[in-house]
Structures are given as structure tokens and as C-alpha cells.
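One line per chain: the protein sequences are Y and V, in this order. If you're matching positions, the first sequence starts at 43 in my numbering and goes up one per residue. If you're matching positions, the second sequence starts at 3 in my numbering and goes up one per residue. Just so you know, even glycine gets a beta-carbon here, dropped at the ideal spot from N, CA and C. Notes follow the structure.
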Amino acid sequence: MGNVIVWVIWFLAAGACLGTGVAVVSMTNPFYSALSLIGNLASLAVLFLLLSAEFLAAAQVLVYAGAVMVMFLFVVAYLGGRADAPWAGGPPLLRTAAVVASVALLVEIVVVLGLAWGDELTDPAEISDSFGSPAEIGEAFLTDHLLAFEITSIVLLVAAIGGVVLGTTREKEEEEIA
Amino acid sequence: MDGPDVGWYLIVAAILFGIGALGVMLRRSPLIVLLSLEIMLNAANLTLIAFARQQGDLDGQIFALAVMAVAAAEVAIGLGLIVAMARRRMLLDVDQASALRG
């Protein structure tokens, strides 16, 4: 019985994930695209939960669907109607090439994964109940992956400084703009 | 493991990556290109977490967290660039932004 419920949840989450993904790409208005991406990230968080990645699911909702997307929506609101570039106004050849290239990429990924992993994807490893819990993630981060942790903090600091530098108008520029 | 095997998650991730790639190549609004990039990064995250579950190894989840941090940095810089473009009254179209072309 529990098995059936997991399958139902999986299908709902995966369907929502793919549906909102298509919506992000096909919406004309960037505001609706950003809203669809929030749905996409939330349904991905459900898939993360099913893969027993509790901490990552929480981080996904808080950091991604929360903080990052709020920033996105602010920028969309700031730019207003101007941001509404037309749907692929380029030559039809380019559009066809884009579709062909992404389908080729998809086929390639599936084939590579199938060839490399096809036989080994049925029996997942036994895991403890605390797999993916904040305590285990924190322990792994602060012992085996300390360097990655520190580098991540520097990357975020550099990005924050870069964002401020890009967002600041210098006086000379202001004259040019005015 | 209850429910679907890891392979099912990988198929969803592959399709999601394809959708994101399509958006990056097809759309001209830099905002939507950035959103499509997020989809691609998240598809990669889903594969990392699926393999972490398959192997029973936490390293994949650590990697996914690092990807999340890099994605947040990328959005901050990308949005900064888009706002700077808009301030200079540039058309928000990735095909028009060709000043740095060699």
C-alpha cells in the first residue's frame, strides 16, 4: 500500500516538474516563467524527499524557491514590460536547429546513462534512516568536504560583491544615461 | 526502496535537462535564458541526488549543495548584468547584445 502511494506521489511530482519546465520555456511573459520555475523547484523538492535527501529538499524550497526566485521576481518587476522580448523571432532555421540540438542532447544523455548504468540501477544501496538529514550533511561538510565548504563561501562572497558592483551606477555613467 | 527505481528519476532529469537546453537555445529574453539555465542546473542536481541514493553515499548530496550555491551566485551576477543592460537602454535580447563579439 505504501508503495502505491509513493508511486502516485512520484508521478504527480514528476508530471508537475516536467509541465512547469515546459511552461518556463514557453511563456511569453517572464513573470509567469519565473512563477512556473517556483512550481518546478517545489516539485523537484518532492522528488528530493523521495530520494531521502531531506536537507536538500528544505534547502531547495528555502534558498531556491524562496530567496533566489524572490530576487528574480524583483528584477522582472523592476524591468517591467520592456523585458518582454518576442518568442524566438530569429530565422526559422535557428529554431529548428535548437529543437534538433536539444532532442539530440536528450537522446545522448539517455543512451550514455543506459549504457553505463543500465544493469546497476535496480538495487539501491541500503541506507540508514538518518541518510541525508541535516546532521549527516553537516558532518560530511565539516569533515571530508571542508575545502568545498570554504570555497563555496568565497564564491558566494565574490558573487555578492560582483552584484553590488554591477548594480551601482557611477556618477559619470549617470550623466551618460540622463 | 519503495516506489520507482533510480532510473525513473534519471529519465525525468534527462527530459528536464533537454527542456532547459531548448529554452537556452530558443529564447531571446536574457531573463528566460537565465530561468532555463536554472532548470538545467536542477536537472543535474536531480541526477546527483539520485546517484547518491543509489550508491548510499552522501558525497552526491554535498555536490548538489555546492551546485545550488554556484547557481545562486550565477543568478546574482546574471541579474546584475541584465539590470545593467536595461539601465543602458539596451534592448533585452541576447542576439542584440553582441558588443563583445570578436
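Please tell me whether residue i and residue j are closer than 8 Å, where the distance is taken between their beta carbons.
i	j	result
T194(Y)	A68(V)	yes
Q102(Y)	F90(Y)	yes
P134(Y)	S31(V)	no
L83(Y)	G174(Y)	no
A23(V)	L147(Y)	yes
V197(Y)	A71(V)	yes
G61(Y)	L18(V)	no
L79(Y)	V66(Y)	yes
G20(V)	G209(Y)	no
M27(V)	A95(Y)	no
V88(Y)	I51(Y)	yes
L93(V)	I84(V)	no
Quick one: measure Cβ to Cβ for residue i and residue j, integer angstroms, because I've assumed they're closer than 8 Å.
i	j	result
A182(Y)	L60(V)	5 Å
S85(Y)	A58(Y)	4 Å
A46(V)	A201(Y)	At roughly 19 Å, the Cβ-Cβ gap does not stay under 8 Å, so A46(V) and A201(Y) are not in contact.
A78(V)	G205(Y)	4 Å
W49(Y)	G62(V)	Contact flag wrong, Cβ pair sits at about 23 Å.
From the options, pick the residue whose C-alpha is nearest to that of residue i; which is it?
i	options	result
P166(Y)	L93(Y), G156(Y), F116(Y) and F114(Y)	L93(Y)
G2(V)	Q57(V), L93(V) and S31(V)	Here chain V comprises residues numbered 3 to 104, so residue 2(V) is not present and cannot be evaluated.
L163(Y)	A54(V), A86(V), I64(V) and S38(V)	A54(V)
L188(Y)	I79(V), V96(V), F65(V) and I13(V)	F65(V)
L43(V)	I84(V), A15(V) and A52(V)	A15(V)
L12(V)	E192(Y), S170(Y), A158(Y) and P176(Y)	A158(Y)
D97(V)	R29(V), P6(V) and D4(V)	R29(V)
L140(Y)	A73(V), G25(V) and D4(V)	It is Ala, not Leu, that sits at residue 140(Y) in the sequence shown. Of the listed residues, the one whose Cα sits closest to A140(Y) is G25(V).
M111(Y)	Y74(Y), S144(Y) and V46(Y)	Y74(Y)
A73(V)	G5(V), L37(V) and D7(V)	L37(V)
F114(Y)	V142(Y), E96(Y), A76(Y) and T138(Y)	A76(Y)
L48(V)	A56(Y), S68(Y), V153(Y) and S170(Y)	A56(Y)
P176(Y)	A100(Y), M69(Y) and T70(Y)	A100(Y)
Using a beta-carbon distance below 8 Å, is residue i in contact with chain A?
i	result
G209(Y)	Of the protein chains in the structure, Y and V, none is chain A.
If the cut is a Cβ gap below 8 Å, which residues of chain Y does residue i touch?
i	result
A46(V)	The contacting residues do not exist; A46(V) stays about 10 Å from chain Y at best.
For residue i, go through chain V and note every residue whose CB falls closer than 8 Å to its CB, in chain order.
i	result
A95(Y)	I51, A54, R55, Q63 and A66
E192(Y)	Simply none; closest approach about 11 Å.
T138(Y)	Within chain V, no residue comes near T138(Y); the closest Cβ sits about 10 Å away, beyond 8 Å.
A101(Y)	L67 and M70
Report the neighbours of residue i on chain V: residues whose CB is nearer than 7 Å to its CB, in chain order.
i	result
L98(Y)	I51, Q63, A66 and L67
A143(Y)	M27
Got a sec: which bits of the region 27-41 of chain V sit with their beta carbon under 7 Å from any beta carbon on chain Y, in order along the chain?
M27, L28, R29, R30, S31, L33, I34, L37, S38, E40 and I41
Could you name the residues of the region 58-70 of chain V whose beta carbon sits closer than 7 Å to any beta carbon of chain Y, in the order they occur along the chain?
G58, L60, Q63, I64, A66, L67, A68 and M70
The region 55-80 of chain Y: which residues have C-beta closer than 7 Å to a C-beta of chain V, in chain order?
A56, C59, L60, G63, V64, V66, V67, P72, S75, A76 and L79
Below 8 Å between beta carbons is the criterion; list the residues of the region 72-87 of chain V that meet it against any residue of chain Y, in chain order.
V72, A73, A74, A75, E76, V77, A78, I79, L81, G82, L83, I84, V85 and A86
Along the region 10-25 of chain V, where does the CB come closer than 9 Å to a CB of chain Y? Name the residues.
W10, Y11, L12, I13, V14, A15, A16, I17, L18, F19, G20, I21, G22, A23, L24 and G25
Can you list, in chain order, the residues of the region 105-124 of chain Y whose Cβ is nearer than 8 Å to any Cβ on chain V?
V105, Y106, A109, V110, M113, F114, V117, V118, Y120, L121 and R124
Below 7 Å between beta carbons is the criterion; list the residues of the region 174-205 of chain Y that meet it against any residue of chain V, in chain order.
G174, E178, I179, A182, F183, H187, A190, T194, V197, L198, A201, A202, G204 and G205
Going along the region 147-167 of chain Y in order, which residues come within less than 7 Å of chain V, judged by CB to CB distance?
L147, L148, I151, V152, L155, L163, T164, P166 and A167
Residues, ordered as in the chain, of the region 82-93 of chain Y that lie near chain V by beta-carbon distance below 8 Å
N82, L83, L86, L89, F90, L92 and L93
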